[in-house]
Every structure is written in C-alpha cells, then in structure tokens.
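Novice: Everything in the sequence shown is counted per this note's numbering, starting at 1 for the first residue and increasing by one.
Here it is, the structure in full.
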Amino acid sequence: MAYCSVEEGVTFRRSRAGWPVPPVSVVKDEKPLRFEADIMLRRAISSVTTDERPTICFACLGNPNLTIRERVVSFASPGCLTRHFMRKYVKRLGVDEPTECRICDVRLEHRMHFQSHAEKFHGTVSQSCN
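Shown next, in the form of structure tokens:
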C-alpha cells in the first residue's frame with residue numbers, strides 16, 4: 001500500500017558527535033553561581049598553606065584566565081601537584097625571568113625565588129634536597 005508518490009532516500013546513521021545537544025536550561029540569576037565560585041576559591045586558597053603539603057596548585061588558583069574548575073582542581077597527591085607545578089610553571093619560566101604570586105600579591109625576581117616562595121608560603125615542594 002503506497003501513501004504518496006515520493007520515494008525516501010537512503011538513511012545514514014549519524015555519529016554521536018552529530019547528535020543534537022539537549023538545550024541548556026536558562027540561568028535567570030548568576031549571583032548564586034558567583035557566590036558558589038567565591039566559596040570554592042576561598043576554600044581552595046585556605047587549603048594552600050604550609051600546614052601540610054597541598055594538592056591544589058597555588059599558581060593555577062591565582063590565574064584569573066583559567067575557569068573556576070581549572071583553578072581549584074585537586075591533584076591525587078602532593079607529588080602529582082609537584083610534577084604539575086614543575087612542568088607547567090617552573091620549567092617554562094626562564095632562570096632570571098621575574099614572575100608574581102597572585103595569591104600573595106608579591107613580585108618574585110627569578111625562578112629560584114618563585115620555587116622558594118612556593119615551598120615557604122604555599123607548601124608546594126619543587127626543589128630536591130642536596
């Protein structure tokens with residue numbers, strides 16, 4: 001039994017990447033989100049102390065160019081944080097290149113000063129004992 005005279009074409013399966021994305025609910029007020037972000041940042045900043053070795057990177061935490069989630073990411077262990085800190089910050093910084101700590105709002109004159117500050121004020125160990 002034919003319903004109309006138009007023939008349908010061959011159908012193809014779309015990959016998951018081509019599936020439509022469900023609509024995101026509209027946020028009416030961003031204040032609760034900002035409030036939650038402020039709480040997350042404050043908790044993360046208070047955890048980056050020398051009382052015990054932290055698992056949150058103080059340098060990421062102070063970077064306003066990162067998302068809140070990227071700023072407060074917690075590494076599996078202090079050793080994982082050290083590897084991240086060395087790879088992402090220390091090795092990319094020139095030996096005599098100045099930088100700053102945005103958590104403490106201080107200028108650091110060179111790489112060793114940065115590493116010393118990281119350990120003394122934030123508990124992030126990056127120097128081997130010789």
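Even glycine gets a Cβ: it sits at the ideal position worked out from N, Cα and C.
Residue ranges of each beta strand (DSSP E) run of no fewer than 3 residues wholly in the region 35-121, ordered along the chain?
Specialist: Listed in chain order, they are 99-101 and 106-108.
Novice: For the region 89-103 and the region 66-75, state whether three or more C-beta atom pairs, one from each stretch, are separated by less than 8 Å.
Specialist: no
Novice: Got a sec? Which residues, its chain only, sit under 6 Å from residue 125 by beta carbon, not counting five neighbours each side?
Specialist: Start at 1 with the first residue of the sequence shown, and residue 125 comes out as number 125. Same-chain partners within the cutoff: 82 and 119.
Novice: Can you grab the Cα-Cα spacing for the pair residue 28 / residue 41, in whole Å?
Specialist: The sequence position of residue 28 within the sequence shown is 28, counting from 1. The sequence position of residue 41 within the sequence shown is 41, counting from 1. Unreliable placement is indicated for residue 28, whose pLDDT of 48 sits below 50; no coordinate value is reported for it.
Novice: In terms of alpha-carbon separation, which member of 86, 59, 68 and 88 lies closest to residue 101?
Specialist: Here the question's residue 101 lines up with position 101 in the sequence shown. Residue 59 is the option with its Cα nearest to residue 101.
Novice: Measure from the alpha carbon of residue 67 to the alpha carbon of each residue in 51, 52, 80 and 38, then state which is nearest.
Specialist: Along the sequence shown, read from residue 1 onward, the residue named residue 67 stands at position 67. Considering only alpha carbons, the answer is 38.
Novice: Please identify the residue among 65, 111, 105 and 85 whose C-alpha is closest to the C-alpha of residue 123.
Specialist: Stepping through the sequence shown from its first residue, residue 123 is reached at position 123. Looking from the CA of residue 123, the closest CA among 65, 111, 105 and 85 belongs to 85.
Novice: Which whole-angstrom value describes the C-beta separation of residue 47 and residue 54, a residue pair presumed to lie in contact below a C-beta threshold of 8 Å?
Specialist: Start at 1 with the first residue of the sequence shown, and residue 47 comes out as number 47. Start at 1 with the first residue of the sequence shown, and residue 54 comes out as number 54. Contact holds; Cβ gap of about 6 Å.
Novice: Taking the alpha-carbon positions, what's the residue 36 to residue 114 distance?
Specialist: Indexing the sequence shown from 1 puts residue 36 at position 36. Indexing the sequence shown from 1 puts residue 114 at position 114. Approximately 30 Å, taken between the alpha carbons.
Novice: Can you say whether residue 104 is buried or exposed, counting buried as having 16 or more other CB atoms within 10 angstroms of its CB?
Specialist: Numbered from 1 along the sequence shown, position 104 holds the residue referred to as residue 104. Counting the other Cβ atoms within 10 Å of the Cβ of residue 104 gives fewer than 16, which makes it exposed.
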